[in-house]
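Structure record follows, encoded as C-alpha cells.
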Amino acid sequence: MAGMSPLFRRNTPAAPRDRLVTLVRKPGCHLCDEAQVVVEKVCGELGVRWEQKDITRDPDLHERYWEQIPVVLVDGRQHTFWRVNEDRLRGALTGP
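Read in order, the letters of the sequence shown correspond to residues 1 to 96 in our numbering.
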C-alpha cells in the first residue's frame, strides 16, 4: 500500500485495531458509567483501543465538552454525547 497513490488510499477505512476511542467523562457521573460499559463492550469485541479522559483534569476538554459529557471521540472526532448507542458505535468503528 506504500506505493499506492494517496488519491486511492485516503478513503480506505482504518481497521478496527487501528482506531482509538476516547471517552471524555467525569467522576461520579452515572451517564459516564453507562457509556463506559458500552465502550468497553464494543471495543473489547472489536479489538479497538480505548482510553478515558477526566474532564475535571483537562481545561481544554472542560471548555469544549462540559455540557455534553459523557462524550465519545473516535480517532479524535466527536462521535456522540450523553448516551452511547452500541450499534452506532460499532458501525463507526467497522464502517467506512
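Cβ atoms here follow ideal geometry from the backbone N, Cα and C, with glycine treated the same way.
Cβ separation of residue i and residue j, assumed to be a contact under 8 Å, to the nearest whole Å
i, j, result
"VAL21", "CYS43", "6 Å"
"VAL24", "ILE55", "6 Å"
Alpha-carbon to alpha-carbon, residue j and residue i
i, j, result
"LYS26", "CYS32", "7 Å"
"ASP60", "THR94", "29 Å"
"LEU46", "ARG17", "7 Å"
"MET4", "ALA14", "Because MET4 sits at a pLDDT of 47, beneath the cut-off of 50, its placement in the model cannot be relied upon, and the following sentence gives the value as read from the coordinates. Near 16 Å, if we compare the C-alpha coordinates of ALA14 and MET4."
"ARG49", "THR80", "17 Å"
"ARG19", "GLY91", "13 Å"
"VAL37", "ASP58", "22 Å"
From the options, residue whose alpha carbon lies closest to that of residue i
i, options, result
"ARG88", "VAL24, GLY28, ALA35 and ASP18", "ALA35"
"TRP82", "ARG19, TRP66 and ASP75", "TRP66"
"GLY76", "CYS29, GLU51, GLU86 and HIS62", "GLU51"
Span of the alpha helix (DSSP H), counted from its first residue to its last, around residue i
i, result
"GLU67", "Taken as a continuous stretch (DSSP letters only), GLU67 belongs to no alpha helix (DSSP H), as it is neither H nor E."
Where the beta strand (DSSP E) containing residue i begins and where it ends
i, result
"THR94", "Not the beta strand (DSSP E): THR94 falls in the alpha helix (DSSP H), residues 86-94."
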